[in-house]
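First to last, the protein sequences are chains X and A.
Counting from 7, one number per residue, gives the positions in the first sequence under the working numbering.
Counting from 7, one number per residue, gives the positions in the second sequence under the working numbering.
Every residue gets a Cβ at the ideal spot worked out from N, C-alpha and C, and that includes glycine.
In what follows, a structure is listed as structure tokens, so that the remarks can point back to it.
There are 2 protein chains.
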Amino acid sequence: MLFLNAKFIDLDLGENAVIVNEDDLKGTSYYPQDRVLIESHAGSVIGNIYSTKTMVQKGEVGMLVSELAEISISEGEEVKLRHAEKPESIPFIKKKMDGQVLNPHEIRTIIDEIVSKKLSNIELSAFVSSTYINGMNMDEIGEMTKRIAETGDMISWEKNLVVDIHSIGGVPGNKYALLSIPILAAAGITIPKTSSRAITSPAGTADVMEVLTNVELKEDEIKRIVKTTNGCLVWGGGVNLAPADDIIINVERPVSIDPQPQLLASVMAKKIATGIKYSVIDIPVGKGVKIKNEAEGAKLARKFIELGELLNIKVECVLTYGGQPLGRAIGPALEAKEAIEALQDPKNAPKSLIEKALSLAGILLELGGAAQIGEGQNLAWEILESGRALEKFNQIIIEQGGTPKKPEEIELGDYIEEIIAPIDGYVTDINNTGITNVVKEAGAPRDKKAGLLLNSKIGNKVKKGDVLYTIYSGSEERLVSAVNLARRVYPVKVEGMLIERISKF
Amino acid sequence: MLFLNAKFIDLDLGENAVIVNEDDLKGTSYYPQDRVLIESHAGSVIGNIYSTKTMVQKGEVGMLVSELAEISISEGEEVKLRHAEKPESIPFIKKKMDGQVLNPHEIRTIIDEIVSKKLSNIELSAFVSSTYINGMNMDEIGEMTKRIAETGDMISWEKNLVVDIHSIGGVPGNKYALLSIPILAAAGITIPKTSSRAITSPAGTADVMEVLTNVELKEDEIKRIVKTTNGCLVWGGGVNLAPADDIIINVERPVSIDPQPQLLASVMAKKIATGIKYSVIDIPVGKGVKIKNEAEGAKLARKFIELGELLNIKVECVLTYGGQPLGRAIGPALEAKEAIEALQDPKNAPKSLIEKALSLAGILLELGGAAQIGEGQNLAWEILESGRALEKFNQIIIEQGGTPKKPEEIELGDYIEEIIAPIDGYVTDINNTGITNVVKEAGAPRDKKAGLLLNSKIGNKVKKGDVLYTIYSGSEERLVSAVNLARRVYPVKVEGMLIERISKF
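Take a look at the structure:
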């Protein structure tokens with residue numbers, strides 16, 4: 007056992023750790039990377055040892071500030087370090103690596119130890135890799151989903167008809183929720199929409215909404231707002247919903263894997279935690295998004311529906327066209343502007359945006375009994391066209407703490423470059439990944455004013471010298487860098503009608 | 007791009023990292039966990055961003071001292087941070103996760119990026135997990151082995167007959183190399199033996215040897231010693247041999263997996279790097295060791311032989327009995343003592359130790375042409391019994407920088423407890439894992455004086471009150487803790503002849 011005095015270290019390592027002077031480790035049975043239990047008079051925490059020559063002195067132990075929530079100590083106080091048992095889930099992770107099915111106890115243990123940070127990044131990565139490779143059956147996924155929800159806050163509602171729209175993402179410019187949610191709320195349907203910030207995309211719905219109002223709200227504020235307006239558009243991360251999910255995402259991102267069991271559990275756990283009873287899940291299909299073809303999309307849809315049945319959530323899935331950006335605007339401020347313009351003047355808004363917003367809202371209007379079967383989309387259009395959706399949207403903005411803005415009041419990046427068509431021809435392709443990377447290079451999502459506005463979409467005729475799209479950035483350096491990238495990846499492709507000439511000679 | 011002034015942080019995180027004040031990240035496109043390229047006027051290094059409020063000030067960047075080998079900077083000097091591309095190996099790791107075969111270029115890229123620390127622990131764990139689950143074919147393993155060897159130092163010898171004995175481990179008390187190596191060296195055979203320190207066992211061969219002499223030697227010292235004495239017994243980690251291997255082991259240990267491709271590559275890469283041409287691989291079989299039965303052992307043996315053919319190393323494998331500890335002594339000092347006693351007076355040494363040492367040495371004596379086929383073991387015995395092996399052992403100790411000791415001069419732990427037979431009966435089982443854990447609890451391998459001496463082995467008759475074994479420790483606290491564990495796990499089992507009575511009633 008080691009007795010050391012706590013020193014607070016303000017460093018976020020993504021896992022629990024203690025930093026010990028290497029002189030204190032010499033001659034002991036404690037090694038770097040060993041898992042130890044750190045005990046104070048009031049509480050304990052488990053962490054991995056990292057060694058230093060100078061960061062902490064002999065006799066001291068560096069404790070990360072993130073750990074202080076779990077162990078109550080004052081700086082300088084003596085704590086005990088002793089060997090901690092391996093996490094209980096290690097043999098269960100090994101079992102999944104060996105291709106076996108995990109029972110409910112095993113799955114709950116893994117999720118509990120993820121949330122309490124008992125698993126290191128190495129161990130967590132082994133778990134995520136093994137579910138990616140060996141998969142999970144529906145019972146395992148159901149158990150995992152429930153536990154991910156249970157280990158965080160759970161919001162409950164007095165009403166039974168609480169609905170949600172969820173997109174599994176991947177389409178740049180996917181701001182339709184800013185139209186669908188107010189349409190549904192205006193029709194009297196309860197829709198407490200939580201969304202994520204961008205992970206790999208240039209703007210999540212929460213990033214777009216944040217241009218207009220506050221999105222970091224506590225559970226009781228969300229309940230009050232939804233009671234007043236029927237809806238909200240907030241950041242899911244502001245509430246402690248399904249915290250295991252965020253921890254798991256951190257190890258998925260580096261290797262760019264998104265195991266289907268985790269994808270299913272991640273989406274549905276947030277539904278349980280927010281008390282959703284009916285959910286429409288939007289599965290974009292196409293080049294440069296997660297799901298490449300309809301067969302794959304249909305398979306995923308069936309799994310969502312089956313999982314919903316296990317969890318008592320009624321799920322309907324829609325496959326949507328994801329082959330190019332939705333609407334013309336990509337990036338937080340530009341998307342917020344485009345959404346408000348569409349709410350004000352839907353007849354002149356991009357057809358792809360309006361159609362997607364209406365069809366998703368329509369399904370829930372029918373499901374919620376506000377419209378007859380087959381009439382949902384028409385009702386959605388009436389609500390949008392009458393200005394009631396805009397009114398509701400502004401009400402939500404105000405309740406969340408913002409002030410409604412006119413489109414022209416939204417600030418865009420001052421550094422602007424227009425990209426020009428090099429030849430006469432047609433836009434034959436818009437590459438989602440290319441667009442995403444250019445917008446991120448321009449500074450999005452951190453720089454909310456960064457973005458890209460498409461002048462033409464696939465199939466449009468353009469003349470040499472026409473503006474194909476405009477890049478915006480809040481920083482000159484980043485604009486240059488985004489323009490350079492755009493010239494390299496050529497995300498909007500223009501070709502003459504004659505694509506290739508094949509001749510005998 | 008961020009311009010920050012370097013501050014040296016002496017912390018070993020097992021991966022490259024830079025520590026940045028969170029104020030410097032605000033409003034930029036740089037996030038915690040982002041991979042960045044850090045550039046100075048002379049060199050660059052890739053690392054992941056970790057954020058802090060206070061550990062480094064605004065304008066500073068914490069650089070780990072372990073990174074300073076790769077980037078030449080002075081403290082306070084300005085460095086540039088910019089987004090680094092994902093490691094080139096990420097898609098190759100993904101490919102292995104998807105169950106595909108990797109080509110030589112892909113494997114070399116992964117190993118190169120492991121050695122240059124371009125892969126984070128998360129990414130490395132994903133790679134190791136995927137080779138554990140999906141396996142590798144012999145071409146992949148061969149390529150991996152070669153690259154692991156090539157990325158470190160390579161020792162070459164003027165002689166062609168350079169041999170080695172390697173045990174894949176798992177048997178407590180496995181000190182036979184301290185007998186076999188001097189026997190072979192005394193017969194004129196070149197055997198530059200590198201061994202590991204304990205990873206999960208209470209004592210590696212290097213830990214045992216370190217009780218008697220220096221084991222951390224540089225390449226040129228090893229060459230000089232082997233030239234003088236024909237052999238050595240040094241720590242492989244003292245030379246930069248197959249460095250990828252140590253990095254990989256660090257992510258295998260937490261999840262307790264040892265994927266067979268890594269096991270094969272790890273052993274054989276060290277053979278290539280030390281210039282070995284003939285290798286005998288000892289595969290212990292039994293309860294509580296890696297290989298549980300002979301069929302499994304034979305399968306692994308065939309793979310070693312096949313891999314050896316690919317790599318131009320002649321490999322012979324032996325399956326040995328690993329069902330209980332080898333000899334009576336477990337723990338560095340006790341094992342060193344038992345080995346010297348056996349070299350001095352082999353007739354009174356534990357039969358299991360002598361037999362294993364002779365049979366492994368015998369194979370190499372035959373292979374090396376020093377003995378006729380079938381005569382190797384006899385020659386080994388002659389060399390041992392004549393005292394020539396002891397003389398050679400002492401010569402090696404001196405050349406490595408130590409002073410030969412008599413057995414009684416070896417210091418053992420002052421804190422001692424004898425464990426007594428609770429009943430009359432027979433020792434029916436000695437549990438390797440139990441023994442290992444008790445000895446580690448007593449402080450081994452760090453505490454070299456900690457260990458366990460068996461008075462009885464499987465099949466021995468004991469009387470109630472006889473000493474079954476003695477536990478040694480350098481610390482009173484650890485002795486208590488080891489004794490408590492021993493009483494719980496009961497590693498030496500005594501039963502009456504009547505094991506179970508089965509009756510109709």
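- At a Cβ-Cβ threshold of 8 angstroms, Leu185 of chain X and Leu349 of chain X count as neighbours.
- Distances from the alpha-carbon of Thr115 of chain X to those of X:Asn127, X:Gly440 and X:Pro97 put X:Pro97 closest.
- CA-CA distance, Thr326 of chain A to Asp288 of chain A, rounds to 7 angstroms.
- Residue contact check for Asn256 of chain X against chain A: a CB pair falls below 8 angstroms.
- Flagged as an interface residue toward chain X: Tyr138 of chain A, by a C-beta distance shorter than 8 angstroms.
- The beta-carbon of Arg452 of chain A is placed less than 8 angstroms from the nearest beta-carbon of chain X.
- Within the model, the alpha-carbon separation for Ile113 of chain A versus Val245 of chain X is close to 43 angstroms.
- Between the C-alpha atoms of Asp29 of chain X and Lys59 of chain X there is a straight-line separation of about 8 angstroms.
- At a cut-off of 8 angstroms between beta carbons, Ala132 of chain A contacts chain X.
- In this structure, the CA atom of Val444 of chain X is about 31 angstroms from the CA atom of Leu396 of chain X.
- Annotation: the continuous alpha helix (DSSP H) that includes Gly440 of chain A extends over Asn438 to Glu447.
- With a threshold of 8 angstroms between beta carbons, Asp252 of chain X makes no contact with chain A.
- Residues are counted here when their Cβ sits less than 9 angstroms from a Cβ of chain A; for the segment 55-73 of chain X these are Tyr56, Ser57, Thr58, Lys59, Thr60, Met61, Gly68 and Val71, given in chain order.
- Secondary structure at Ile189 of chain X: helix, using DSSP grouped into helix, strand and coil.
- Within the same chain, Cβ atoms closer than 6 angstroms to the Cβ of Leu239 of chain X are found at Ile187, Lys199 and Met215, the five residues on either side in sequence being excluded.
- Between the beta-carbon of Arg88 of chain A and that of Leu31 of chain A there is about 14 angstroms, and that puts the pair past the 8 angstroms contact cut.
- As summarised for the segment 143-173 of chain X, the continuous beta strand (DSSP E) elements at least 3 residues long and confined to that stretch are 169-173, given in chain order.
- The count of Cβ pairs closer than 8 angstroms, one atom from the segment 452-469 of chain X and one from the segment 428-440 of chain X, reaches three, so the stretches are in contact.
- By the beta-carbon neighbour count (other beta carbons within 10 angstroms, threshold 16), His111 of chain A is exposed.
- Residue pairing by DSSP places Asn466 of chain A in no beta bridge whatsoever.
- Residue state for Met215 of chain A is assigned as helix, using DSSP reduced to three classes.
- Contact between the segment 487-495 of chain A and the segment 443-459 of chain A is present, with at least three C-beta pairs closer than 8 angstroms.
- Annotated as distal: Tyr478 of chain X and Gly329 of chain X, with beta-carbon spacing of 8 angstroms or more.
- Residues of chain X with a Cβ closer than 8 angstroms to the Cβ of Gly449 of chain A are, in chain order, Ser35.
- The beta-bridge partner set that DSSP reports for Gly49 of chain X consists of X:Ser46 and X:Ile77.
- A contact between stretches requires three or more CB pairs, one per stretch, nearer than 8 angstroms, and the segment 250-261 of chain X fails this requirement with the segment 208-226 of chain X.
- Residues of chain X with a Cβ closer than 8 angstroms to the Cβ of Asn109 of chain A do not exist; the shortest Cβ-Cβ separation is about 19 angstroms.
- Of the residues A:Ile15, A:Gly502, A:Ser35 and A:Asp170, the one whose Cα lies closest to the Cα of Arg484 of chain X is A:Ser35.
- In the DSSP assignment, Val473 of chain A forms a beta bridge with A:Ile426.
- Chain order gives the chain X residues near Asp18 of chain A as Pro38, Tyr56, Ser57 and Thr58, where near means a beta carbon separation below 8 angstroms.
- Where Tyr327 of chain A is concerned, the enclosing beta strand (DSSP E) starts and stops at Lys320 to Tyr327.
- Cβ proximity to chain X below 7 angstroms picks out Ile96, Ile99, Lys100 and Met103 from the segment 80-108 of chain A.
- Close CB contacts of Glu84 of chain X within its chain, under the 6 angstroms cut and outside five residues either way in sequence, are with Phe9 and Asn11 (chain order).
- The shortest C-alpha to C-alpha distance from Gly175 of chain A to any of A:Asn236, A:Ala209, A:Ala279 and A:Lys412 is the one to A:Ala209.
- In this structure Ile282 of chain A does not touch Met103 of chain X by the C-beta definition: roughly 32 angstroms separates them, more than the 8 angstroms allowed.
- Contact between Val286 of chain X and Leu370 of chain X holds: their C-beta atoms lie close to 6 angstroms from each other, under 8 angstroms.
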